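Read in order, the letters of the sequence shown are residues 333 to 470 in our numbering.
All remarks here apply to the structure that follows.
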Amino acid sequence: MNRVQGFAWLCVAALAVLVGSSGACWAQQPSGAAARSEGLIMSGTIASVNVEQRIMRLKTGVFSTEQFAIDADAKITDGERSLQLDHLTPGAKVTVRYTDKEGRRIAEAIIVNASNAPPQQPAVQPSPSSADRPDERR
């Protein structure tokens, strides 16, 4: 056996060891579909919301809109407080955490950008009566 053939066999053996050991590493990783289907995040601007059907369309680019089914247990917040589904309005910027189940995007959490969140209801305070106001002419 000459030197070239010996080197070729050495390369083949090394390649076989590498391929065999890499299979064990790959076996520990979730499959591509499973890895892509959990813990996905997308941000954009709400294009439309159907509260009855729990469907939201999100504009993610100039020409792209994505549709999400909103899970019954989805958490909707502005980062500080919980919001209701009817607080989601077109034009609001949001971040959606979702899963992909059989090609269908299921929203599990929706975070509304604070500048787009509905205002908090102020505590109702009675307006001062004219008797309570000091006379400014004195």
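Heads up, the beta-carbon is just placed ideally off N, CA and C, and yes, glycines get one too.
Note that this is a predicted model, so its numbers are computed, not measured.
- When the Cα of leucine 372 is compared with those of Arg436, Ser447 and Val444, which residue comes out closest? Arg436
- Express the C-alpha separation of alanine 446 and aspartate 418 in angstroms, rounding to a whole number. Cα-Cα distance, rounded: 16 Å.
- Message: If I measure Cβ to Cβ from glutamate 398 and keep anything under 6 Å in the same chain, skipping five residues before and after, which residues do I get?
- Response: The residues are Leu390 and Thr392.
- Query: Out of curiosity, what's the CA-to-CA distance linking isoleucine 475 and valine 383?
  - Reply: Only positions 333 to 470 of the chain appear in this structure, which leaves residue 475 out of reach.
- Kindly identify the DSSP beta-bridge partner or partners of threonine 377. Lys391 and Lys425
- Query: Taking buried to mean at least 16 other C-beta atoms within 10 Å of its own C-beta, is phenylalanine 395 buried or exposed?
  - Reply: exposed
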